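Here the structure comes first, spelled out in structure tokens, and everything after it is commentary.
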Amino acid sequence: MTVNTLNAKNLAAPAANVSAYLKSRARWSPFEIAFWVFAFATIWLFPGKHLILKDTAILALFALSLDLILGYAGIISLGQAAFFGLAGYFAGLVAKYGIVNEPVVALVLSGVVAAALGFATSFLVLRGSDLTRLMVTLGVSLMLGEVANRYSNITGGADGLQGVDIEPLFGRFRFDLYGHNGYVYCLSVLFVCFVIVRRIVYSPFGLSLRAVKGNPLRAAAIGIPVKWRLVAIYTVSAGIAGIAGALLTQTTAFCSLDVFSLERSADLLLVLIIGGTGYLYGGLIGAVIYKFLQDWIANLTPQYWQFWIGLVLVVLVLIGRDRMRNWIGTVRGAVAGVGVRLLPRSITLGGAAPDGP
Amino acid sequence: MKIAVKRRYFVAAACAAMAFAAAGGARAQDSVKIGFILPMTGQQQSTGKQIAAAAKLFMAQHGDTVAGKKVELIIKDDGAVPDNTKRIAQDLIVNEKVTFLAGFGVTPAALAVAPLATESKTPEIVTAAGTSIITEKSPYIARTSFTLAQSVVPMADWAAQNGVKKVVSMVSDYGPGIDSENSFKAEFAKQGGQVLDAIRFPLTAPDFAPFLQRAADQKPDAIFVFVPSGQGGVFIKQFVERGLDKAGIKIIGPGDVTDDDLLNGMGDAVLGTITAHIYSADHDSPTNKAFVAAFKKANDGLRPNFMAVSGYDGMHLMYESLQKAGGKTDGDSLIAAAKGMAWESPRGPISIDPDTRDIVQNVYIRKVEKKNGELYNVEFATFPAVKDPIKAAEAK
Amino acid sequence: MLTILFDGVAYGMLLFVLACGLSVTLGLMNFINLAHGAFAMAGGYCTVILVNRIGIPFALGLPIAFLVTALIGGLFERTLYVHVYARDHLDQVLFTIGLVFMSVAAVDYTMGSSQQFVQIPEALQGQFNVFGVGMGKYRLLIIVVCGLLTVSLQLILAKTRFGSRLRAAVDDQRVARGLGINVGAVFAVTFAFGSGLAGLGGALGAEILGLDPTFPLKYMIYFLIVVTVGGTSSITGPFLASILLGIADVAGKYYVPKLGAFVIYAIMIAVLIWRPQGLFARATAR
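As they're listed, the protein sequences go chains A, B and C. Residues in the first sequence are numbered from 1 upward in steps of one, following my numbering. Residues in the second sequence are numbered from 1 upward in steps of one, following my numbering. Residues in the third sequence are numbered from 1 upward in steps of one, following my numbering.
Quick look at the structure:
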């Protein structure tokens, strides 16, 4: 559905219809429910894979933050790592110096700190073309990286932040060697954040964002305060990226300069491109595909895995993502026909696009 | 509402998780897995390549059975990104049930794994990273590479005794670099020398020109330099390009600068560079000649460097510990067996210090010379059985 | 002080030769080619093979590196890139990043992972000393070569028929097409030429920037900075931006070494906030 027709519909319909429309859109589809049931089922299904699943959950949350601005507001960014890293260091430092011991509280605080940075830098990204935005956001995260390196007495510099001791969750669940508690924690946080984000994008606010993305001029003309909408969503996105960063620090008890790197933001973009933008599940699915593909290929050939990942990306583009999505749609139809029995295996297929663009 | 559901899930899941945790931890008994975590991609990839090649060579030469157990080598790439290292190490411990963790291209990677080594009682054999503190972070860490101070302190001694009075120190701004700078400053001052300026530049500096100019402007007798293996060539080329060699300034430093792997590509510019290090492919011993020949043969003419020899010795240490522990594969027995182990390595006689689990080895002062048309670090003075000076100073 | 300036100019010139192909591609087809650095790397490795292994003189190696890379660039353009022009930016990023990954691993596999050095002739090593200003001979060569290139590029763009076609295509593709200009062909030639320039830059820069398989990833940011700061509608923009960044980077590192690359990022952000379209951009029709 294009935004223009959506706008027209909104303008034409009375307010009651709009809220009914929103409600119908916001309803959880069976596929979404199946997706999350399966996601939580992985806790019992794959106990040996919790470490990589934990990383995947963090990557998915991180990608979700980018999807929020890219898919819903059309802001392209290579600088999400700035928020990820800042919050990561924040979470590490408060734990190291025993300022905030409860991980959940520290997590929320980290998110707030990152959101504050997001708010402060949002005014920079509101101007310019795609490329300008890419470079400004990238520049911000690289500058933060240099600052963290400069103040190595606080951050540990290139050696990473050492001696972070994370207290057990709720005073009871320690982050164990096997990554079990870490995974459950990350997945739960991912879910909570997802629910919040979902509420945002299906609210009138979210709808107005789509209008802004579609045509900022027209959106402004019908009375949407374009600038403040973008500032708001950018801030929220920063906060979520921050929570992802804090999760990484908390579950690894470690933080290094690498959190600010270009690779981190670039990976994120890849994840989102693979999974698709603008329907919230893109980041989640992309993260699963990217992480497991990378892990699988890297195990086959530790030195040259980049070549095969590169090949996959090139082929993906040459075939065309649209065409792939059509195939997936076909497969999904088939799977849906066969019934719920096959759902768990179809995580990358069936769960793909309950509300696809 | 959703939140409430979630919390129920969470509690249930957490309980289940605890149950899994309790069940885990048993090790397979008939085979022994060695998990190498190395930077096989990214800027440190030559380190990973050398170590992996050396480890494979060792297995090819010494067979894959020790104390009745079959040894299996697992090599994983972490791209020198510490949180990758940590996850891979966890995965190796939990799922592969490795008996040893080994490798670690950079200090943060080794440090990130230290708490895991302690928690799971898995010996962590460091075959590359060179910051002094690493071995203090876990009682299960032993090192077969070197510490920076080990090379730097003899370098400072030698320089002070051979007419170098004023030095500018230039190091990469990270753990090993800072270790080098501090050790050099302290030792050189003790010997009556003067450090005019200490410049630290970012690890990923693409162009050394401005830093070199800054150093040259202070007119030192020598520039003390530490850059990670791989950047040394660019550094020296730019040093020569700037005409600093003609101005009578010497380059001294630990041997990362004149890495054997890269030396031939650096060209004649490096001739005469004096470094202190633990290993040269030119080391004159039958063990080393055999090692170099076998390594070159197995790797298409690639010359082994200090990373390769560290990986080779790491394998030796793990094999011998298994042997000495008589088939026991628990971390405590193995690390106890490793302590005090002494053997003849391609680099000369080495041993593992029973107190610190760090390596004790000869440090050689070398000069780059041309031999049979190839460039080599030719050793001309030896400081025998050097312990890590930073820990030695703390012990006093 | 003047030495710093000199080094900065040399560094900037090098950046310009490396990045100007990228700026033209971006301006002409609105195509984000992150794999540009891979062509630079190809040029560098080509020179290494020619000069070090086969023993061709350095002076001859440079033009050959240019030609070989241009050939590779042209080939890639015709076979692969041509399918991706019409796609959105995200697809282009994905595609070119994929190419970068492949080139990194392929070079690692064929040439090994260690740093490579081009053996430059004795005559180019060392330094001149003019009125107390030390000037590296090699850096002087870079300035001369890059300076000549810039002048001839400017002349080609301004005086030749091809140049006017190219400018027309950059300004408004649709109208240019309507005037009977074969935009596709213009673009293929330009792409090949830009790749060749990158290759030449890689060959010249191996001495200063180093050359290893991670080259395209390491310098991608620098190229992009040059292009965004300079704008994409002319070559003077990227040229001035390169010089500015080169000097700022070198001077920043000389006076405040601890800050490292902070200076160059700060300048980029400041410029982009001040002039989002780039420092020297004209208002574009697009």
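Using N, Cα and C, we set each Cβ at its ideal position, and we do this for glycine too. All of these numbers come straight from a predicted model, not from anything done at the bench.
How is residue i classed by DSSP in three states: helix, strand or coil?
i              : result
residue 27(B)  : Interpretation of residue 27(B) is limited by its pLDDT of 42, a score under 50 that renders its predicted location unreliable; the figure taken from the coordinates is listed afterwards. If DSSP states are grouped into helix, strand and coil, residue 27(B) belongs with coil.
residue 216(C) : helix
residue 35(C)  : coil
residue 265(C) : helix
residue 176(C) : helix
residue 200(B) : strand
residue 130(A) : helix
residue 22(B)  : Any reading at residue 22(B) needs caution, since the residue's pLDDT is 40, under 50, leaving its predicted position unreliable; the model's value is listed next. Three-state result, residue 22(B): helix.
residue 137(B) : coil
residue 223(B) : strand
Taking all protein chains shown into account, decide if residue i is buried (16 or more other Cβ within 10 angstroms of its Cβ) or exposed.
i              : result
residue 221(A) : exposed
residue 144(C) : exposed
residue 366(B) : buried
residue 60(C)  : exposed
residue 188(B) : buried
residue 238(C) : buried
residue 63(C)  : exposed
residue 319(A) : exposed
residue 170(A) : exposed
residue 218(B) : exposed
residue 24(A)  : exposed
residue 407(B) : Beyond the ends of chain B as shown, which are 1 and 396, falls residue 407(B); an answer cannot be given.
residue 394(B) : exposed
Quick one: does residue i have its CB under 8 angstroms from some CB of chain A?
i              : result
residue 235(C) : no
residue 16(C)  : no
residue 41(B)  : yes
residue 82(B)  : yes
residue 130(B) : no
residue 219(C) : no
residue 188(C) : no
Any beta carbon from chain C within less than 8 angstroms of residue i's own beta carbon?
i              : result
residue 172(A) : no
residue 130(A) : yes
residue 250(A) : no
residue 262(B) : yes
Can you name, in chain order, every residue of its own chain whose Cβ lies under 6 angstroms from the Cβ of residue i, other than the five neighbours on each side?
i              : result
residue 262(B) : 233
residue 340(B) : 354
residue 271(B) : 368
Who are the Cβ neighbours of residue i in its own chain at under 8 angstroms, not counting the five residues just before and after it?
i             : result
residue 46(A) : 53
residue 96(A) : 161, 163, 164 and 165
Name the residue from the options whose alpha carbon lies nearest to the alpha carbon of residue i.
i              : options                           : result
residue 269(B) : 241(B), 110(B), 131(B) and 282(B) : 241(B)
residue 290(B) : 75(B), 347(B), 32(B) and 307(B)   : 347(B)
residue 37(C)  : 86(C), 102(C) and 58(C)           : 102(C)
residue 28(A)  : 67(A), 127(A) and 202(A)          : 202(A)
residue 176(A) : 115(B), 221(B), 303(B) and 158(B) : 115(B)
residue 372(B) : 133(B), 264(B), 90(B) and 83(B)   : 264(B)
residue 204(C) : 29(C), 41(C), 27(C) and 32(C)     : 41(C)
residue 76(A)  : 93(C), 198(C) and 81(C)           : 93(C)
Is there a C-beta anywhere in chain B that falls below 8 angstroms from the one on residue i?
i              : result
residue 302(A) : yes
residue 446(A) : What the structure shows of chain A is the stretch from 1 to 357, and residue 446(A) is not part of that stretch, so it cannot be assessed.
residue 19(C)  : no
residue 80(A)  : no
residue 142(A) : no
residue 265(A) : no
residue 99(A)  : no
residue 207(C) : yes
residue 153(A) : no
residue 278(A) : no
residue 65(A)  : no
residue 223(C) : no
residue 114(C) : yes
Looking only at its chain, what residues have a beta carbon closer than 7 angstroms to the beta carbon of residue i, apart from the 5 residues adjacent to it on each side?
i             : result
residue 97(C) : 34
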